[in-house]
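> Numbering (mature numbering (1 follows the signal peptide of the UniProt record, and there is no 0)), first residue to last: -19 to -1, 1 to 296. Where is the CB? At the ideal position from N, CA and C, for every residue including glycine.
1. Tell me whether residue 99 sits in a helix, a strand or coil according to DSSP, three-state version.
2. May I have the straight-line CA-CA distance separating residue 173 from residue 214, to the nearest angstrom?
3. State yes or no: is the C-beta of residue 201 within less than 7 Å of the C-beta of residue 70?
4. Smallest Cα separation from residue 67: which of 10, 136, 135?
5. Count the CB pairs spanning the region 68 to 88 and the region 156 to 166 that are closer than 8 Å, and state whether there are at least three.
6. Which same chain residues end up closer than 6 Å to residue 59 when comparing Cβ atoms and leaving out the 5 residues on each side of it in sequence?
7. Check residue 41 in the structure and name its three-state DSSP category.
8. Classify residue 153 as helix, strand or coil using the three-state DSSP reduction.
9. Starting from the C-beta of residue 75, find all residues in its chain whose C-beta is less than 8 Å away, skip the five residues before and the five after it, and write them out in chain order.
10. According to DSSP, is residue 28 helix, strand or coil?
11. Under the three-state reduction of DSSP, which class applies to residue 186: helix, strand or coil?
12. Residue 107 to residue 93, Cα distance in whole Å?
13. Quick one, are the C-beta atoms of residue 216 and residue 44 less than 7 Å apart?
14. May I have a chain-ordered list of the beta strand (DSSP E) segments no shorter than 3 residues that lie completely inside the region 126 to 182?
15. What separation, rounded to the nearest whole angstrom, lies between the Cα atoms of residue 151 and residue 91?
16. So, using beta-carbon positions, are residue 125 and residue 113 closer together than 7 Å?
17. Less than 7 Å separating the beta-carbons of residue 212 and residue 48?
18. I'd like the list of long-range same chain contacts for residue 182, defined as Cβ closer than 6 Å, with 5 residues on each side in sequence excluded.
19. Going by beta-carbon coordinates alone, are residue 135 and residue 159 separated by less than 7 Å?
20. Can you tell me whether residue 17 is helix, strand or coil according to DSSP?
21. Below 8 Å on the Cβ atoms is my contact criterion, and I expect residue 191 with residue 101 to pass it. Report the Cβ-Cβ distance as a whole number of Å.
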């Protein structure tokens, strides 16, 4: 079965020595201080394909993009293309002074009725190390900067319009496997995010009983598509963790700028760069189509429950 026509392989040359195309649903590539991964964990629930391109990595900042087209299985996540920080891990919440992050992204193109999110996926555990979505995971914390097409997180909504880090969020909560999921859903789409993630951790410690003895095991950022097609550009992303005495310049008074989405927005996807000066394109194609029942529960790196009867959409 051939790739759907909306999928276009993208390769961008930035100080390029040679372009390399990597294939495979679980292909990953070094990207400076990050690792860029395809993670097409749910591709068999639909038909289509996706590629991800590392654009640049300078210091602690990475830029990358992902281009996807997926059909069938409208209630099933097909992938979580993402970058994961190689350095922000093993930090105990009680020792964290600040966790500044910036993320600028947009859709360069998107189809009508797209079903997808753009989100952080943060993993906490009782031990300093542990793979995401594993026996070592205690909590999964998602921060949705965008959620389109009627998707909603696992569990149920427990707060509405909660102010954190300069914007308002609806908080969802629910169990999955051996960990608990908290999802902060922005009440309007945020394309330029500049905050201290510690504000989210502090909220959960103070209000949801998350122990400050928990460790940050992984911080990932990316997108989870269900159906449609899009080119997502991450023009700039960074995250770091500061422990010990904090200078005034790294205080938690970060600001957030948000941009409301439209039914047809143009978005670009950020990209992560490898330690060598080459452009990397990761490409894979799924040829298996499996429809999923309405109201299906997904088990993956970003947990979702989608219902045709009760939908929550962030527009």
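Straight from the coordinates:
1. Numbered from 1 along the chain shown, position 118 holds the residue referred to as residue 99. Note: residue 99 maps to strand in three-state DSSP.
2. The residue given as residue 173 occupies position 192 in the chain shown. The residue given as residue 214 occupies position 233 in the chain shown. Between residue 173 and residue 214, the C-alpha separation is close to 12 Å.
3. Locating residue 201 in the chain shown gives position 220, where the first residue counts as 1. Locating residue 70 in the chain shown gives position 89, where the first residue counts as 1. No. Outside cutoff.
4. Here residue 67 refers to the residue found at position 86 when the chain shown is read from its first residue. Residue 67 has its Cα closest to that of 10, out of 10, 136, 135.
5. no
6. Walking along the chain shown from the start, residue 59 turns up at place 78. Around residue 59: 23, 24, 27, 51, 206.
7. Position 60 of the chain shown holds residue 41. Coil at residue 41, not helix or strand.
8. As a first step, residue 153 is located in the chain shown; it is residue number 172 there, counting from the start. In this structure, residue 153 counts as strand in the three-state DSSP scheme.
9. Position 94 of the chain shown, counted from the start, is the residue given in the question as residue 75. Cβ neighbours of residue 75 beyond the five flanking positions: 193, 194.
10. As a first step, residue 28 must be located in the chain shown, where it is residue number 47. Note: residue 28 maps to strand in three-state DSSP.
11. Numbered from 1 along the chain shown, position 205 holds the residue referred to as residue 186. It is helical.
12. For this step, residue 107 is matched to residue 126 along the chain shown. For this step, residue 93 is matched to residue 112 along the chain shown. Cα-Cα distance, rounded: 43 Å.
13. Start at 1 with the first residue of the chain shown, and residue 216 comes out as number 235. Start at 1 with the first residue of the chain shown, and residue 44 comes out as number 63. The answer is yes: Cβ separation under 7 Å.
14. 137 to 145, 148 to 157, 160 to 167, 173 to 177
15. Numbered from its first residue, the chain shown carries residue 151 at position 170. Numbered from its first residue, the chain shown carries residue 91 at position 110. So the two alpha carbons sit approximately 25 Å from each other.
16. The count along the chain shown starts at 1 and reaches residue 125 at position 144. The count along the chain shown starts at 1 and reaches residue 113 at position 132. No, they are not a contact pair.
17. Translated into positions along the chain shown, residue 212 becomes position 231. Translated into positions along the chain shown, residue 48 becomes position 67. Contact: yes.
18. Looking up residue 182 in the chain shown gives position 201. Taken in chain order, the residues that qualify are 74.
19. Your numbering for residue 135 matches position 154 in the chain shown. Your numbering for residue 159 matches position 178 in the chain shown. Between residue 135 and residue 159, the CB-CB gap reaches or exceeds 7 Å.
20. One-based indexing of the chain shown puts residue 17 at position 36. Three-state result, residue 17: strand.
21. Here residue 191 refers to the residue found at position 210 when the chain shown is read from its first residue. Here residue 101 refers to the residue found at position 120 when the chain shown is read from its first residue. Contact doesn't hold; Cβ gap of about 16 Å is too wide.
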